[in-house]
């Protein structure tokens, strides 16, 4: 192992990644150089950077720190080219992942090197995930790497040991890459430059970029269309996002936002993912509108009231697609009742929780909603209620105090059995969507069947209403894997 390990370096031990936060000595190891590391997986840690009451380093996540002796063998490191050869150069037996200063032709042989280069240039998608990459490499390696990747469209460098963001920019310069995945690399340094590269999609999940790195992104990637900043501990978003001329999709899921970032009201973003945050909609939000957003994901946030939904309707006038399952507002209502309320309150929506809203479903939802408003179970703006009543005329009066038919079903999925109550006016498509979430099964990977006399029938018409099947109380539905 080298003795040049320094604070900010990234290392891997038995496949577990960490960042060096401290290099020095400890009273317990007077004859050894100690490394204080923060593990990417907090469960690997033993403390928060302290020893016998003395703090030697700080960690981002409590309990994620450990001390290691520097002489403890780590998994080694590779340059991008070494990883490329390791993963795709099947013609070559690698003796060591450390190349040092030797020429590539000396290491691999000129003929094999030519064969590898021919294979590499034909690749469109390359995954070098978890290959202990920490550098671009020597000038010769950099030249060979760029020659190898000229035909590449998508590159996955996730969960490596790259700590210098300028190394990434340097690698991409001169390439025509479409998509780059840097998930799990944690950048501790960046030399500011004006270099720009052509890139459409960039994934910076779990990279914890500094404000300096974020601010440099529009300069480095002016043609970016999709940006993912998931799971970076973000609580706010600065104006750098406004400097992208053509950014349309932004993923901010699994951060620590408590409101929709107001800076986005002036952005070009049309698709926004804020799932797994702690967002509530406050009266202050009404001072900003987000006219460009057409698709929004608010799953697993802190939406608790219908006032918040009505506020979202006002500030998102162009929204057509919404995901909002697993919010507190679902408590006390059935899933279908919540979705019916959302559909009725939000006239621009065409897709909810991943399922298209058919004209018939919208009609059922709005008539049911009017009945609830009329009975006093639901409070709603008089003006908006009048608009809905005018839409349906006499039919709105006929359903004024009508309660929906509730169908009680027993859903069997292997050894599991669920008791599910749904409104008869719900379409089979939405019933499947609900069960997909409850059973944690991919929506497109299962069918629903039921027994009719001696025969097994499939619920194949997904636009049909549950009530159309004439199910009695306790009707059993069986979940079956779809045969493709």
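In our numbering, the protein residues as written are 7 to 490.
Even glycine gets a Cβ: it sits at the ideal position worked out from N, Cα and C.
All of these numbers come straight from a predicted model, not from anything done at the bench.
Please report how far the alpha carbon of residue 38 lies from the alpha carbon of residue 73, in whole angstroms.
If you number the chain shown from 1, residue 38 lands on position 32. If you number the chain shown from 1, residue 73 lands on position 67. So the two alpha carbons sit approximately 12 Å from each other.
Could you check where the alpha helix (DSSP H) with residue 219 kicks off and where it finishes?
For the purposes of this step, residue 219 is taken as residue 213 along the chain shown, with counting starting at 1. The continuous alpha helix (DSSP H) containing residue 219 extends over residues 217–226.
Considering only residues of the same chain and omitting the five flanking positions on each side of residue 236, which have a CB-CB separation below 6 Å?
Along the chain shown, one-based indexing puts residue 236 at 230. Apart from sequence neighbours up to five positions away, the residues of its chain that approach residue 236 with a beta-carbon distance below 6 Å are 211, 257, 259, 260, ordered along the chain.
Does the pairing of the stretch 347–359 with the stretch 410–429 give three or more beta-carbon distances under 8 Å?
Too few Cβ pairs lie closer than 8 Å, so no.
What residue range is occupied by the uninterrupted alpha helix (DSSP H) comprising residue 371?
Residue mapping note: residue 371 aligns to position 365 of the chain shown, counting from 1. 365–381 is the span of the alpha helix (DSSP H), which, as asked, contains residue 371.
State the Cα-Cα distance for the pair residue 463 and residue 455, rounded to the nearest angstrom.
Residue numbering aside, residue 463 sits at position 457 when the chain shown is read from its first letter. Residue numbering aside, residue 455 sits at position 449 when the chain shown is read from its first letter. Cα-Cα distance, rounded: 5 Å.
Neighbourhood of residue 107 by C-beta distance below 6 Å, restricted to the same chain and skipping five residues each side
Reading the chain shown from its first residue, position 101 is the one you call residue 107. Summary for residue 107: the model assigns pLDDT 42, below 50, so the residue's position carries little reliability; its value from the coordinates is reported in the next sentence. Result list for residue 107: empty, nothing under 6 Å.
Given that a residue counts as buried once 16 or more other Cβ atoms are within 10 Å of its Cβ, and exposed if not, what is residue 252?
Taking the first residue of the chain shown as position 1, residue 252 is located at position 246. Label assigned to residue 252: exposed.
Go ahead and pull the three-state DSSP assignment for residue 89.
By 1-based counting over the chain shown, the position of residue 89 is 83. Residue state, collapsed to three classes: helix.
As a quick exercise: from 364, 319, 312, 89, pick the residue whose alpha carbon is nearest that of residue 142.
As a first step, residue 142 is located in the chain shown; it is residue number 136 there, counting from the start. The residue with the shortest Cα to Cα distance from residue 142 is 89.
Just the C-alpha distance for residue 49 and residue 42, rounded to the nearest angstrom, thanks.
Indexing the chain shown from 1 puts residue 49 at position 43. Indexing the chain shown from 1 puts residue 42 at position 36. If you take the alpha carbons of residue 49 and residue 42, they lie about 16 Å apart.
For residue 218, is the classification buried or exposed, using 16 other Cβ atoms within 10 angstroms of its Cβ as the cut-off for buried?
Here residue 218 refers to the residue found at position 212 when the chain shown is read from its first residue. Label assigned to residue 218: exposed.
Would you be able to state if there are at least three C-beta pairs under 8 Å between the stretch 324–334 and the stretch 296–303?
Judged by Cβ distances under 8 Å, the stretch 296–303 makes contact with the stretch 324–334, as three or more pairs qualify.
Residue 21 versus residue 136: straight-line alpha-carbon distance, rounded
Residue mapping note: residue 21 aligns to position 15 of the chain shown, counting from 1. Residue mapping note: residue 136 aligns to position 130 of the chain shown, counting from 1. Near 8 Å, if we compare the C-alpha coordinates of residue 136 and residue 21.
Could you give the residue range of the alpha helix (DSSP H) that holds residue 40?
In the chain shown, residue 40 corresponds to position 34, counting from 1. Here residue 40 belongs to no alpha helix (DSSP H); instead the beta strand (DSSP E) covers 35–45.
Based on the DSSP secondary-structure assignment, which residues constitute the bridge partners of residue 132?
As a first step, residue 132 is located in the chain shown; it is residue number 126 there, counting from the start. Paired residue(s): 161.
For residue 339, which residues from the same chain have a beta carbon less than 8 Å from its beta carbon, with the 5 sequence-adjacent residues on both sides left out?
The residue given as residue 339 occupies position 333 in the chain shown. Result list for residue 339: 347, in chain order.
Thinking C-alpha only, which one of 153, 391, 201 is nearest residue 224?
Here residue 224 refers to the residue found at position 218 of the chain shown. Looking at the Cα atoms, 201 is the closest of the given residues.
Can you list, in chain order, the residues of its chain whose CB lies under 7 Å from that of residue 480, leaving out five sequence neighbours each side?
Walking along the chain shown from the start, residue 480 turns up at place 474. So the qualifying residues of the chain are 414, 416.
When you compare only the Cα positions, how much space is there between residue 94 and residue 170?
Here residue 94 refers to the residue found at position 88 of the chain shown. Here residue 170 refers to the residue found at position 164 of the chain shown. Each residue's Cα considered, the two are about 25 Å apart.
So is residue 71 buried or exposed if we call it buried at 16+ other beta carbons inside 10 Å?
On the chain shown, residue 71 is found 65 positions in, with the first residue counted as 1. Within 10 angstroms of the beta-carbon of residue 71 lie 16 or more other beta-carbons, which makes it buried.
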